[in-house]
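Student: Those protein sequences? They're chains A and B, same order as listed. By the count of full-length UniProt numbering, the first sequence reaches residue 348 at its end, each step adding exactly one. By the count of full-length UniProt numbering, the second sequence reaches residue 348 at its end, each step adding exactly one. The beta-carbon is built from N, C-alpha and C at its ideal position, and this holds for glycine as well. Let me give you the structure first, and then I'll get to my questions.
2 protein chains.
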Amino acid sequence: MIRNLTALAATLALSVPVVAQEEPEGAPSPGEIVAQAEPSEWKEIPADDLLVMTLADHADGHERKVVIQLIPAPFSQGWVENIRTFARAHWYDNITVNRVQDNYVVQWGDVNYDNPEATGEAKPLPEGLKVMSESEYASTNIAVTKAWLEAEGDASGLKLLSSGLVDSVGAVRKAITQTLPSDSYSSRALFNMGWPLSQEAGSPSSEVWPVHCYGMVGVGRNLSPDTGSGAELYTVIGTPPRHLDRNIALVGRIVEGMEHLSSLPRGHGDLGFYAADEAYKRTPILSVRVASDLPEAERPRFEYLSTEGETFARYADARANRRDPFFIVPAGGADICNIPVPIRRVAE
Amino acid sequence: MIRNLTALAATLALSVPVVAQEEPEGAPSPGEIVAQAEPSEWKEIPADDLLVMTLADHADGHERKVVIQLIPAPFSQGWVENIRTFARAHWYDNITVNRVQDNYVVQWGDVNYDNPEATGEAKPLPEGLKVMSESEYASTNIAVTKAWLEAEGDASGLKLLSSGLVDSVGAVRKAITQTLPSDSYSSRALFNMGWPLSQEAGSPSSEVWPVHCYGMVGVGRNLSPDTGSGAELYTVIGTPPRHLDRNIALVGRIVEGMEHLSSLPRGHGDLGFYAADEAYKRTPILSVRVASDLPEAERPRFEYLSTEGETFARYADARANRRDPFFIVPAGGADICNIPVPIRRVAE
């Protein structure tokens, strides 16, 4: 959607902007930095990694589509395969959103599955589902680990990111490490392949895992050692519940249509499930399709900003040190979940 | 609302709980620890610090009331006084929610105030408003600072919180400091007087400020040196935007009815303001009253769990090291915004 500057100025002047993210003067905002990225820094997401989830139309008549990006190897690949299996069996069609817990999660699945109070038949699960082990919540099979450690050891000739300059891939990594000076939930927070990750301290073979930021998608499960199949999914709609990291399989994130989930009415049963007297609030999910299975003209295309490039380092630095005109005290650091990886639709 | 255990068990079995916060067996959950607090650990919030904001009924007919707790001294007292002035002048009556930006803020005010596209007359501001300085975003006038530093220096005989035991107020403080091992936005995150705070490193006279967690309420403003009057307020509905700390006056938090704001339809104008063609989405605010001005029978009463007691330390520790049965890997730390201070209605 293109807006003219007059309209923008008017909107900013309206009722005191909390953050003037689009402010045209002064130091560039994080959004302006991203807008200047070279085309080569944008990486297309494979159509096989995109799910299109169509909800029933809103009561006011508007269409509701949610696009989910599945996480690439080496993370959670067994669950990700299961999710494609469910989608291709059309198993997700006509399930519902059953839980909306404020400041926590939205969760969807078959309301009659594994439910002693079921009012109908549970859908039989499709064939060929994998049973995954808890060891798959993290991975040691990720090359980035070593590269990050090397980058950290190599401080020679690096320019600090506070200068707003970076001069090598090593410097990019160093710079982002400086932006993420500490993490309450791991030894190190980092970005790689377009994803927010965490890592244990120690050797290059130590574990790395994706983290629970806003909009990340995970696999519901019962008590350990159950790890869930992928029949039941949730997304984060509040404070990052990082205590779930390594306790649940994260399989992706919402890249479009998040508001159709985050603005749903909250449930008043235990844990935010809709109670029996509010069953009418359950939002039907009409279909979930892998984008690569759709006719080419209907496939949504998305790309993410490489987290290994100079632009991402400058963007992360600007998120951590806001210099655009609204701000008076830059923070000097940022939480990994407060540096969302830029994702955009590919222009038609 | 009391639930019987059968209903609870049924709900938990329904569709794989993401977090079994109410799980009755095994190590106590954070909620169970709070439920065991001594009555003396609960502190009543003064009625003069509570605002009752009544929204228009929802389209489905249900009532929508939001209760806000104003922050006590030494924080933001000029703005807090202004907010009482606005409320007592009934200035907030019939303003609207004008901005709902996903994963960021909900903001309310007079849609015609300071708006070049106004379609009606702006309300004149009440008399007697204070003009506040940016230096008031933080405070050096807080006794806790010294106590915290002393507690940190005194490690003799303290039991580590990982044992689940605390044996003195000093140990409580030490324990919470261990729970909050690092903070990306300050030298130290801490709790005091029931609020999440941050602090610069250094001397006991260093600055302390409240932080932008989910549900915190702040004062919208224009560009610096404007600091806002309190005519325009917002609350956080997503990832804690901690980069706003010390850049905006935080004046309180939502203690009840948050869902009536967080589930509102998102705006599609710049910065999440409702665009001209979605003006019908603006939710009317019928009235805002200071609770102490209401007839006694209508006053809501709330209390918070003391953040200086043993129960809070045990609760914070349990948030950082989940040992209840759902969890397999405790995190060993927590972000300050992922340890919400327990608040409850006083039983009638």
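Please confirm whether Arg-64(B) and His-260(B) have their CB atoms less than 8 Å apart.
Tutor: Yes, these two residues count as a Cβ contact at 8 Å.
Student: Flag Phe-312(A) as yes if its beta-carbon sits less than 8 Å from any beta-carbon of chain B, otherwise no.
Tutor: No - not a single Cβ of chain B is within 8 Å of the one on Phe-312(A).
Student: Is DSSP giving Lys-43(A) helix, strand or coil here?
Tutor: It is a strand residue.
Student: Just checking: is the beta-carbon of Arg-246(A) within a distance shorter than 8 Å of some beta-carbon in chain D?
Tutor: No chain D appears in the structure shown, which is made up of the protein chains A and B.
Student: Check whether the region 274 to 292 of chain B touches the region 173 to 189 of chain B, counting contact only when three or more Cβ pairs, one atom from each stretch, lie closer than 8 Å.
Tutor: The answer is no - the region 173 to 189 of chain B does not touch the region 274 to 292 of chain B, with fewer than three Cβ pairs under 8 Å.
Student: Going by alpha carbons, who is nearest to Ile-343(A) out of Pro-325(A), Arg-322(A), Val-219(A) and Pro-300(A)?
Tutor: Closest option to Ile-343(A), Cα to Cα, is Pro-300(A).
Student: Is it the case that the Cβ atoms of Ala-318(B) and Pro-72(B) are separated by a distance below 8 Å?
Tutor: Contact: no.
Student: Taking Cβ-Cβ distances shorter than 7 Å, what residues in chain A pair up with Val-329(B)?
Tutor: Residues of chain A passing the Cβ test: Arg-246 and Asn-247.
Student: So the alpha helix (DSSP H) Gln-77(B) belongs to, where does it begin and stop?
Tutor: Unbroken alpha helix (DSSP H) run through Gln-77(B): 77 to 88.
Student: Whose C-alpha, out of Lys-130(A), Glu-117(A) and Val-255(A), is nearest the C-alpha of Val-341(A)?
Tutor: Cα-wise, what sits closest to Val-341(A) is Val-255(A).
Student: Considering only residues of the region 230 to 261 of chain B, which uninterrupted beta strand (DSSP E) runs meet the minimum length of 3 residues and lie entirely inside it, listed in chain order?
Tutor: With a minimum length of 3 residues, the continuous beta strand (DSSP E) runs that stay inside the region 230 to 261 of chain B are 233 to 236 and 250 to 256.
Student: Grouping DSSP H, G and I as helix and E and B as strand, with all else coil, what is Tyr-280(B)?
Tutor: Here Tyr-280(B) sits in helix by DSSP.
Student: Quick check: the region 263 to 273 of chain A against the region 95 to 103 of chain A, are there 3 or more CB pairs under 8 Å?
Tutor: A contact exists between the region 263 to 273 of chain A and the region 95 to 103 of chain A.
Student: Give the interface partners of Leu-264(A) over in chain B, defined as CB-CB distance under 7 Å, in chain order.
Tutor: Result: Ser-263.
Student: Under a CB-based cut-off of 8 Å, is Glu-134(B) close to chain A?
Tutor: Yes - at least one Cβ of chain A is within 8 Å of the one on Glu-134(B).
Student: Any chance you could list the beta strand (DSSP E) runs of at least 3 consecutive residues sitting entirely within the region 296 to 335 of chain A, in chain order?
Tutor: Segments of the beta strand (DSSP E) lying fully in the region 296 to 335 of chain A: 302 to 305.
Student: Taking only three categories from DSSP, how would you classify Val-341(A)?
Tutor: Val-341(A) falls in the coil class under three-state DSSP.
Student: Could you tell me if Leu-161(B) is buried or exposed, where buried requires 16 or more neighbouring beta carbons within 10 angstroms of its beta carbon?
Tutor: At Leu-161(B), the pLDDT of 31 sits below 50, so the modelled position is not reliable and the matter cannot be decided from this model.
Student: By the three-class DSSP mapping on this structure, what secondary structure does Pro-72(A) have?
Tutor: Note: Pro-72(A) maps to coil in three-state DSSP.
Student: Along the chain, where does the beta strand (DSSP E) containing Gly-61(A) start, and where does it finish?
Tutor: Per DSSP, Gly-61(A) belongs to no beta strand (DSSP E) and is neither H nor E.
Student: Put Val-52(A) into one of helix, strand or coil per three-state DSSP.
Tutor: If DSSP states are grouped into helix, strand and coil, Val-52(A) belongs with the strands.
Student: If you measure between the beta carbons of Ser-292(A) and Arg-266(B), is that distance less than 8 Å?
Tutor: Result no, Cβ atoms of Ser-292(A) and Arg-266(B) do not sit closer than 8 Å.
Student: Give me, in chain order, the residues of the same chain whose beta-carbon lies closer than 6 Å to that of Ala-189(B); leave out the 5 immediate sequence neighbours on both sides.
Tutor: Excluding residues within five positions, the ones whose Cβ falls inside 6 Å are Leu-180, Asp-183, Ser-198 and Ile-336.
Student: If you reduce the DSSP assignment to three classes, tell me which class Leu-347(A) lands in.
Tutor: Just to set this straight, residue 347(A) is Ala in the shown sequence, not Leu. DSSP places Ala-347(A) in coil when its eight states are reduced to three.
Student: Quick test of your reading: Val-105(A) and Val-97(A), contact by CB under 8 Å. State the CB separation rounded to the nearest angstrom.
Tutor: 11 Å between Cβ atoms; not a contact.
Student: Where Leu-294(B) and Gln-69(A) are concerned, what is the direct C-alpha to C-alpha distance, given to the nearest angstrom?
Tutor: Those two C-alpha atoms are separated by around 50 Å.
Student: At a CB-CB cut-off below 8 Å, which residues of chain A make contact with Met-258(B)?
Tutor: Going along chain A in sequence order, the residues near Met-258(B) (Cβ under 8 Å) are Asp-102 and Asn-103.
Student: For the region 303 to 320 of chain A against the region 77 to 84 of chain A, do three or more pairs of beta-carbon atoms, one drawn from each stretch, fall closer than 8 Å, so that the two count as touching?
Tutor: Flag = no, the region 303 to 320 of chain A and the region 77 to 84 of chain A do not touch.
Student: Give the DSSP bridge partners of Val-100(B), in chain order.
Tutor: Val-106(B), per the DSSP bridge assignment.
Student: Could you say which of Val-34(A), Ala-27(A), Asn-338(A) and Ala-331(A) lies nearest to Ser-186(B) if we only look at CA atoms?
Tutor: For the residues Val-34(A), Ala-27(A), Asn-338(A) and Ala-331(A), the minimum Cα distance to Ser-186(B) belongs to Ala-331(A).
Student: Label Val-251(B) either buried or exposed according to how many other C-beta atoms from any shown protein chain fall within 10 Å of its C-beta, with 16 as the threshold for buried.
Tutor: Answer is buried; the Cβ neighbour count reaches 16.
Student: Is the beta carbon of Val-208(A) less than 8 Å from the beta carbon of Ser-135(A)?
Tutor: The answer is no: Cβ separation not under 8 Å.
Student: Looking only at its chain, what residues have a beta carbon closer than 8 Å to the beta carbon of Val-34(B), apart from the 5 residues adjacent to it on each side?
Tutor: Contacts found: Leu-305, Thr-311, Tyr-315 and Pro-342.
Student: With DSSP collapsed to three states, give me the class of Arg-221(B).
Tutor: Arg-221(B): coil per DSSP, three-state reduction.
Student: Just to make sure I have the definition right: I need the residues of chain A whose C-beta is within less than 7 Å of the C-beta of Gly-333(B). Which are they?
Tutor: By Cβ distance, chain A contributes Ser-184 and Tyr-185.
Student: Count the other CB atoms, across all protein chains shown, that sit within 10 Å of the CB of Ser-224(B); report buried if there are 16 or more and exposed otherwise.
Tutor: That one is exposed.
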